[in-house]
Amino acid sequence: MDIRIFGIQGDSIVDGPGIRMAVFTQGCIHNCEGCHNPESHDPNGGKVMTTDRIIELAAENPLYDGVTLTGGDPFYQPEACAVIAEGVKKLGLNVWTFTGYTYEQIINSGREDFMRLLKSSDVLVDGRFELDKRSLELRFKGSSNQRTIDVQASLAKGEPVLWEEKTYF
Ligand code: SF4
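Residue numbering for the sequence shown follows our numbering, starting at 39 and increasing by one per position.
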């Protein structure tokens with residue numbers, strides 16, 4: 039399956055715990071003031087890759103702990119991002135997904151493709167970037183309204199459960 043991406047960052051240590059491959063997807067409708075990556079908004083920008091190739095790239099580095107889907111907004115291309123998430127999880131890697139939607143918006147969207155991507159993610163960093171809540175003290179997120187959510191625990195409990203760092207160490 040094709041996916042349009044803004045870029046890929048190997049050996050990232052800022053997009054989640056451990057050493058990660060960060061996939062910056064192309065396309066975002068949230069238009070947050072102060073967005074760090076406005077070039078990623080245009081749905082026709084970036085370049086096209088296959089999901090198979092991205093999974094292969096993740097498999098090529100044995101040091102990776104996980105893959106981060108970010109952007110842009112991965113939920114702009116939820117089906118392709120879910121294919122990547124499912125593929126890299128088969129390699130034993132964890133998946134962090136960043137989105138401008140809230141967890142509740144995804145759950146209540148009624149969209150199967152949104153749910154497929156949510157269910158294939160271990161952690162969801164949710165919510166729009168809010169400039170007046172920006173903080174450099176926050177780990178793995180830009181503004182204090184955003185939450186770092188343990189997706190599988192949240193789905194089991196029926197409400198958002200925050201991720202705790204000990205999960206992967
Ligand atoms: S969701 Fe992320 S990429 Fe999209 S506008 Fe907001 S900060 Fe930028």
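In this text, a Cβ means the ideal position worked out from N, Cα and C, and glycines have one as well.
Between the beta-carbon of G104 and that of W134 there is about 6 Å, and that keeps the pair under the 8 Å contact cut.
In the structure shown, I41 falls within a strand segment according to DSSP collapsed to helix, strand and coil.
Cβ-Cβ distances below 6 Å link F136 to T108 and V163 in the same chain, with the five nearest sequence neighbours on each side left out; the list follows chain order. K179 sits in coil when the DSSP states are folded into three classes, being neither helix nor strand.
Put simply, of A118, F44, F167 and Q47 the residue whose alpha carbon is nearest the alpha carbon of E150 is A118.
Within the region 99-137, complete beta strand (DSSP E) segments of at least 3 residues are found at 104-108 and 132-136, given in chain order. For the pair L155 and P198, the CB atoms are not nearer than the 8 Å cut-off. By the 16-neighbour rule on beta-carbons within 10 angstroms, R91 is exposed.
DSSP places S50 within a strand segment (E or B) once states are collapsed to three.
Short of 6 Å from the beta carbon of G138, and not among the five residues preceding or following it, lie these beta carbons of its own chain, in chain order: H68, D111 and R166. Secondary-structure assignment with DSSP links A60 through a beta bridge to Q47 and T106. The beta carbon of A120 sits closer than 6 Å to those of R154, L155 and S158, all from its chain and outside the five residues before and after it, given in chain order.
In this structure, H79 lies near C66, with their beta-carbon atoms less than 8 Å apart. According to the DSSP assignment, I145 belongs to the alpha helix (DSSP H) that extends over Y141 to I145.
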